[in-house]
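Note that our numbering has the sequence shown beginning at 0, numbered continuously upward. Working notes, structure below.
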Amino acid sequence: MIPQRSFWLGYWTLLVVAIFSIQPALPVLGADLARPSAAVPANFSDTLVTGVASPTALAFTPDGRMLITTQPGQLHVYQNGALLSTPALNLTGRICTNSERGLLGVAIDPEFASNRFIYLYYTFNKSNSCANNSASSPVNRVSRFVLPDSNTIDLATEQVLVDNMPSPAGNHNAGDLNFGKDGLLYITVGDGGCDYADATRCAGNNDAARDQHMLLGKVLRVTRDGAIPTTNPFRGTDSARCNVTGRTDPGKKCQETFAWGLRNPFRFAFDPNAADTRFLINDVGQNAWEEIDLGQAGADYGWNVREGHCANGSTTNCGTPPAGMTNPIYDYGRSTGCASITGGAFVPNGVWPASYDGSYLFGDYVCGKIFKLTPSGSSYVASDFVTGLGTNSAVHLRFGPYNSTQALYYTSYAGGGQIRRIVYTGTTNRAPTAVINASPRSGPTPLTVNFDGSGSSDPDTGDTLTYVWDFGDGSAVRETSTPTTSYTYNTVGTFTATLRVRDNHGATSAPVTISIGPGNTPPTPEILAPATSLRFVVGQTITLQGRATDAQDGTLPDSRLSWRIILHHNEHTHPFLQPTTGNNITFNAPPPEDLAATTSNYLEIELTANDSQGLTTVITQELRPKLVDVTLNTQPSGLRLEVNGTSIVGPTTLTSWQGYALNVNAPTQLDNNGQAYTFSTWSDGGAAAHTIVTPATPASYTATFVPASGTGLRGEYFDNMDFTGTRASRLDPTIDFNWGNGSPISGIGADSFSARWTGQVMARYSETYTFYTTSDDGVRLWVNGQQIINNWTDHSPSENSGTIALTAGQKYSIVLEYYENTGGAQIQLMWSSASQAKQIVPQGWLYPQFLTQINFMPLVSNVPAGYAPDTGAVFGQRANGLRYGWNADNSAATRDRNAANSPDERYDTLIHMQKSPLLNAVWEIAVPNGNYRVRIVSGDASFFDGVFKINVEGVLAVNGTPTSAQRWVEGVATVAVSDGRLTLTNASGAVNNKICFIDIVSV
């Protein structure tokens, strides 16, 4: 349930440390494992509060109790300085804990003092199955319970508030919840990892967060009783309740939704210093960015269209987000080794020194740090606060009571599971930290054990330590000035040895313990199945079978065997199967986390055997997939294919797993010379887009393309009914759309939009043609410059027609305009003639008018509406589908003047064409061969220090000298392209050439 670069990154991972070693087996006796030593700032201390296995979240009641949720399903209570021995609630019989599922979050009602309400987020075993991607997969739910003073919750007090939120893949459950200052309950829900309706659409291909009729990838807001607040953003006639089924009808919006477009909003935190309800959301990224979002009603944070402040998966396509989408206030990439954002908490003003006031703390699971985020002008900067947490970093952060002030509490899986506390101590003496190890830990009596406390430390420079040993068998306590000692046990039994360390100022650490078993020998477990030689197939049912013997107990019963499976990815691990007691346990082999993980994912099986005296042995065995090479070719070679959302060029050989679904697509495209190609056939007989299940042996598949006679019309979509506002464009093969109540294209709303299709139509016959439109609402059509249809009114679906004489084989200009007001949206373009039956005008007879507009600019500047950015990169494929760029890297020559005298933002930015080191820059764009009208604007808002001369295809287009009164020079040229590239060069006599933007249109 954790972040993910190209992997899930499960937070609930139990680290494989100390006792969980690779074979040979290691005997263990209930050790309290040491966690990595964290480095805190001067005048702060980091101390252990209590140990709890697999802690996921915590919260504080007004009367000072700390509630701790655990992934296996227990709600623990820490009260009056001690962890109560009996959980207040145990949900183990009704939840799923495989992968990142479990009891994930807890919140306290603002009126707890009078109503005793608490709220839990957990994965409900709805169908008595914890399977992935099946009809019986579990669901996530939020329930309210009553926590009495006795700390024993009656299950009958459960009131389910939100139910049936899908958990198809086991990860991306999110699960944080808390009350805002508005008295309302906020809940974060992940996107489910894989699409709830299509198990093959996972990771970056999973668009569940974009489905507003589903409670996935959202922030929810409800009242304490689960009702819809009157101020929720989606309460119109196109909305419905989703709290019972987790969804409503497509086209409607869930009323519980407060914000949407999130991938895995793992944790969020309210600002206690704000006057109103203000909160930040930590959303785990896929492959590029971890992000922090400001919670806003109705906000769309863009997943899976956006990741961080860029397009999904990109670190360079980072312009202005599409209309309606909101960028994070802060994000960070992978360059520092951090890759998975975790818990977050605001520092309450006045609790720590003033430099921390207003700060936001957040953790990263991969690099093991807690960062401090502070405002800096209109943006934010992050700095290290705590380091050295290891790969079990702070999963959940929360400020809570400590003495007469507050401290930062956090959960960690390290050391067997811990709740820790960071306190500002000032310059007072800080207590040391004890760490204990021992060897051997078991064996025949007399047993001499060597104890080692050298891992202990004191945060105050110069302090010395005294080591206080209690060997647990009733013998006298021993103090040493050195960190090592030995002791001989003569009595058979199980003893708990304890170490405390004391500094020279009298401050003493919390105790740490380790179990010693004299007179006992560890059991010997053996994994019988699966065989070490097995290479699994995705979906294969695998049985875990083992046995164990013990010198004292003989053959151990199955009840003393426990299995766990860890999913490995590079240097990180994710939970796959939580500890399960018994034998002959079955599971289904998983797919890789995504295409990028096929060579680094594998499973590790752990078998733990426990004898009657508490001595434990753990053995492990790797379980790896069957790797199969799959080669994807194109004919002709060098064309683009899409595989599980990743773009490749054929031929490419991929390493896959047998049984893994590869979703391939062969899209219509332009080659490097501007020639259009359309899909013809796949060698396996599949459609252009279909699924290939990786076979048992290496295989090759070829997508055959043919040169496209016609590729469709250029469609431009506007977020207003008058062809203004935000614009999006694409190549539409035909005009045959019935969007209903949906949006026509990402970034454009479902109502009050307009669209214009332009290009050419070729007639099949020399006859009079009748063109038909069916539209809801307004439509008008021009062919060869003649308007033949005009019904520019609001209306229900209606057909209009007009006629014009055309000549076979000749291309005619065509312009189709359309607007949608409210309600259903529909537009279709058909034709007929004496020899042509009435039909949708086919793609092969429609030719797009090539039109593109490029703005030359720095990477961080805003991209003007309707323009694509050029940021000085070398010629190549861009995210907008075009291929353009420079003869060498020219990014150092980009400028943004942000000047008041610029007519608009297009004139603010520029790229030098004669700036060292690229003194003779050449810019090109791949276009189909043909004739083009090219408009270029050169200039500089801040300087008039050049002579602008730019050639287009050898034709002088720009020719002028800027002045203080007119700092821009514009030129237009009509040129012919015959080599598939339109080329700009410095013309003779140019001095300090600069280019601001270019408009290119085919003629």
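Every residue gets a Cβ at the ideal spot worked out from N, C-alpha and C, and that includes glycine. Predicted model only: the values in this text are computed from it and were never measured.
Can you name the start and end residues of the alpha helix (DSSP H) that Ser113 belongs to?
Annotation: the continuous alpha helix (DSSP H) that includes Ser113 extends over 111 to 114.
Could you work out which residue in Ser831, Ile826, Val814, Gln827 is closest to Tyr764 when comparing CA atoms only?
Minimum Cα distance to Tyr764 is reached at Ser831.
Which residue from Ile788, Gly823, Ser133, Ser453 puts its Cα closest to that of Gln795?
Looking at the sequence shown, residue 795 is not Gln but Ser. Minimum Cα distance to Ser795 is reached at Gly823.
Give me the residue from Lys371, Asn609, Thr597, Gly516 with the minimum Cα distance to Trp562.
Here the closest residue by C-alpha is Asn609.
Pull the bridge partners of Val926 from the DSSP assignment, please.
For Val926, no pairing in a beta bridge is given by DSSP.
Between which two residues does the beta strand (DSSP E) holding Arg905 run?
Bounds of any beta strand (DSSP E) do not take in Arg905; it lies within the alpha helix (DSSP H) bounded by 904 to 907.
What are the start and end residues of each continuous beta strand (DSSP E) run of 3 or more residues lying completely inside the region 164 to 205, in chain order?
Positions of the beta strand (DSSP E) runs, each at least 3 residues long and wholly inside the region 164 to 205, are given as 173 to 178, 184 to 188, 197 to 201 in order along the chain.
Considering only residues of the same chain and omitting the five flanking positions on each side of Ser20, which have a CB-CB separation below 6 Å?
Because Ser20 carries a pLDDT of 28, less than 50, the predicted location of this residue cannot be relied on, and no value is offered for it.
Simplified DSSP state of Leu594, which is helix, strand or coil:
The answer is helix: DSSP assigns Leu594 an H, G or I state.
Have a look at the DSSP bridge pairing and note the partners of Thr465.
Answer is Arg501.
Would you kindly report the start and end of the unbroken beta strand (DSSP E) that includes Lys625?
Per DSSP, Lys625 is not a residue of any beta strand (DSSP E), being assigned neither H nor E.
For Leu594, tell me which candidate among Val394, Asp383, Asp197, Thr654 has the shortest Cα-Cα distance.
Checking every option, the nearest Cα to that of Leu594 belongs to Thr654.
Kindly confirm or deny that the region 46 to 65 and the region 397 to 414 touch, where touching means at least three C-beta pairs closer than 8 Å.
With the cut-off at 8 Å, the region 46 to 65 and the region 397 to 414 touch.
Under the criterion of a Cβ to heavy atom distance below 7 Å, does Ile994 qualify as lining the ligand SAH?
The ligand SAH is absent from the structure shown, which contains no ligands of any kind.
Beta strand (DSSP E) segment containing His395, residue limits
Run containing His395: none; DSSP gives neither H nor E here.
Of the listed residues Asn643, Asn139, Pro624, nearest to Asp190 (C-alpha basis):
Check the Cα spacing between Asp190 and each of Asn643, Asn139, Pro624: the tightest is with Asn139.
Hey, could you find the ends of the beta strand (DSSP E) Trp781 is sitting in?
Residue range 778 to 782 is occupied by the beta strand (DSSP E) that includes Trp781.
Quick check: what's the CA-CA separation for Gln913 versus Gln852?
Per the coordinates, the alpha-carbon of Gln913 lies some 22 Å from the alpha-carbon of Gln852.
Compute the beta-carbon to beta-carbon distance between Asn42 and Thr426, rounded to the nearest angstrom, for a pair I have assumed lies under 8 Å.
Beta-carbon to beta-carbon, Asn42 and Thr426 are separated by about 6 Å, close enough to satisfy the 8 Å threshold.
Please report the residue range of the beta strand (DSSP E) in which Phe265 lies.
Where Phe265 is concerned, the enclosing beta strand (DSSP E) stretches over 264 to 269.
So Tyr883 is in the beta strand (DSSP E); what residue range does that whole segment cover?
Going by DSSP, Tyr883 is part of the beta strand (DSSP E) stretching over 882 to 885.
Assigned exposure category for Ala688 - 16 Cβ within 10 Å defines buried:
Classification of Ala688: exposed, given that the 10 Å Cβ count is below 16.
Would the region 377 to 384 and the region 396 to 403 be scored as touching if the rule is three or more Cβ pairs under 8 Å?
Flag = no, the region 377 to 384 and the region 396 to 403 do not touch.
Kindly provide the ranges of any beta strand (DSSP E) runs that are 3 or more residues long and lie completely inside the region 364 to 446, ordered along the chain.
Listed in chain order, they are 368 to 375, 378 to 385, 396 to 401, 404 to 411, 417 to 423, 436 to 438.
Taking the CB atoms as reference points, tell me whether Tyr364 and Thr341 lie closer together than 8 Å.
Their beta carbons are under 8 Å apart, which means Tyr364 touches Thr341 by this criterion.
Is the beta carbon of Val760 sitting closer than 8 Å to the one on Leu850?
In terms of Cβ geometry, Val760 and Leu850 do not form a close pair [threshold 8 Å].
Distance, Cα to Cα, Ala168 vs Asn132?
So the alpha carbons of these two residues sit roughly 6 Å apart.
Buried or exposed for Gly245, going by 16 or more other Cβ atoms inside 10 Å?
Classification of Gly245: buried, given that the 10 Å Cβ count is 16 or more.
Identify whether Met0 lies in helix, strand or coil by the three-state DSSP scheme.
Because Met0 sits at a pLDDT of 36, beneath the cut-off of 50, its placement in the model cannot be relied upon, and the point is left open.
Just how far apart, CA to CA, sit Asn326 and Lys371?
The alpha-carbon atoms of Asn326 and Lys371 are separated by roughly 20 Å.
Report the partner residues of Gln285 according to the DSSP bridge assignment.
The partner list for Gln285 (beta bridge, DSSP) is empty, contrary to what the question assumes.
Between the Cα of Asp237 and those of Pro109, Ile227, Val221, Gln254, spot the shortest distance and give me the residue it belongs to.
Just measuring C-alpha positions, the residue of Pro109, Ile227, Val221, Gln254 sitting nearest Asp237 is Gln254.
Helix, strand or coil at Trp1026 according to DSSP, with G and I counted as helix:
The question about residue 1026 has no answer here: the residues shown for the chain are numbered 0 through 1002.
8 Å Cβ cutoff met for Val537 and Ala588:
Taking 8 Å as the Cβ cut-off, Val537 and Ala588 qualify as a contacting pair.
Do Thr487 and Asp472 have their C-beta atoms within less than 8 Å of each other?
For Thr487 and Asp472, no; Cβs fall outside 8 Å.
Excluding the 5 residues flanking Arg896 on each side, which residues of the same chain have their C-beta closer than 6 Å to its C-beta?
Within the same chain, Arg896 has close Cβ partners Asp907, Ala940, Ser941.
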